[in-house]
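Report on the structure given below.
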Amino acid sequence: GPAPATGRADVVRHVKEAWETKDIAALVGLLDPAAVMTADGGGMVGTVLRPVEGGARIARYMVAIADRAPGLELLERSVNGAPGLVARRDGVVATVASFDVAEGRVARIWVVRNPEKLRPWARDFPDAPQGPPRHG
Numbered sequence: 035g036p037a038p039a040t041g042r043a044d045v046v047r048h049v050k051e052a053w054e055t056k057d058i059a060a061l062v063g064l065l066d067p068a069a070v071m072t073a074d075g076g077g078m079v080g081t082v083l084r085p086v087e088g089g090a091r092i093a094r095y096m097v098a099i100a101d102r103a104p105g106l107e108l109l110e111r112s113v114n115g116a117p118g119l120v121a122r123r124d125g126v127v128a129t130v131a132s133f134d135v136a137e138g139r140v141a142r143i144w145v146v147r148n149p150e151k152l153r154p155w156a157r158d159f160p161d162a163p164q165g166p167p168r169h170g
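Those letters in the sequence shown? Residues 35 to 170, by my numbering.
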């Protein structure tokens with residue numbers, strides 16, 4: 035049956051930590067060997083058009099993204115009611131990823147890199163520094 039929400043959130047948290055540290059072995063362990071990553075780039079340059087299939091390939095792809103995007107900030111957020119990750123660069127939402135977890139492993143990853151679709155996300159997180167920092 036479906037994993038409990040706590041289990042899903044734990045898996046997503048581990049994915050986040052492995053992605054941040056570029057730990058391919060850990061990512062491979064968290065991904066189902068037959069996992070599929072699909073991306074909706076909305077016609078943007080630099081997005082995957084074909085699905086990436088296979089846990090090891092997805093892990094390498096995720097590390098390549100981290101290599102190409104220094105300063106990427108990953109935040110745990112609920113995406114369409116399921117645990118997901120929001121990636122920001124310089125305070126701007128760049129990518130939203132949602133995860134389908136089965137039996138403790140990630141079976142599907144949906145990645146959205148379309149500015150139109152990300153507009154609600156940017157609005158949801160008005161936590162960029164506003165004015166001078168508060169002390170204390």
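Beta carbons: idealized from backbone N, C-alpha and C, even for Gly.
Can you have a look at V46 and say buried or exposed, based on whether 16 or more other CB atoms are within 10 angstroms of its CB?
In the sequence shown, the residue the question calls residue 46 occupies position 12. Result: buried.
Contact between the region 55–62 and the region 120–132 (3+ Cβ pairs under 8 Å)
no
Are the Cβ atoms of P67 and G89 separated by less than 9 Å?
Walking along the sequence shown from the start, residue 67 turns up at place 33. Walking along the sequence shown from the start, residue 89 turns up at place 55. Going by C-beta atoms, P67 is nearer than 9 Å to G89.
What is the C-beta distance between A128 and R122, in whole angstroms, given that I count them as a contact (C-beta under 8 Å)?
Counting from 1 along the sequence shown, the entry for residue 128 is found at position 94. Counting from 1 along the sequence shown, the entry for residue 122 is found at position 88. At roughly 6 Å, the Cβ-Cβ gap stays under 8 Å, so A128 and R122 are in contact.
Taking the alpha-carbon positions, what's the H48 to T72 distance?
Walking along the sequence shown from the start, residue 48 turns up at place 14. Walking along the sequence shown from the start, residue 72 turns up at place 38. Roughly 20 Å between the two C-alpha positions.
Need the endpoints of the alpha helix (DSSP H) that D101 sits in, please.
For this step, residue 101 is matched to residue 67 along the sequence shown. G89 to R102 is the span of the alpha helix (DSSP H), which, as asked, contains D101.
Runs of 3 residues minimum, wholly inside the region 122–153: which ones carry the beta strand (DSSP E) assignment?
126–136 and 139–146
Work out the CA separation of R42 and I99 for me, nearest whole Å.
As a working mapping, residue 99 is identified with position 65 in the sequence shown. As a working mapping, residue 42 is identified with position 8 in the sequence shown. Each residue's Cα considered, the two are about 23 Å apart.
Assign Q164 to one of three DSSP states: helix, strand, or coil.
Taking the sequence shown and counting its residues from 1, the one referred to as residue 164 is at position 130. A caution first: Q164 carries a pLDDT of 45, below 50, which makes its placement in the model too unreliable to give a value.
Return the CA-CA distance between D101 and E54, expressed in angstroms with no decimal places.
Here residue 101 refers to the residue found at position 67 of the sequence shown. Here residue 54 refers to the residue found at position 20 of the sequence shown. Between D101 and E54, the C-alpha separation is close to 10 Å.
By the 10 Å Cβ neighbour count, where 16 or more other Cβ atoms means buried, how is V126 classified, buried or exposed?
As a position in the sequence shown, residue 126 is number 92, starting the count at 1. Answer is exposed; the Cβ neighbour count stays below 16.
Same chain only: Cβ atoms within 8 Å of R142, ignoring 5 sequence neighbours per side
In the sequence shown, residue 142 corresponds to position 108, counting from 1. The answer, listed in chain order, is A69, V70, M71, T72, F133 and D134.
Give me, in chain order, the residues of the same chain whose beta-carbon lies closer than 7 Å to that of L106; leave out the 5 immediate sequence neighbours on both sides.
Position 72 of the sequence shown, counted from the first residue, corresponds to residue 106. A100, A121 and R123, listed in sequence order.
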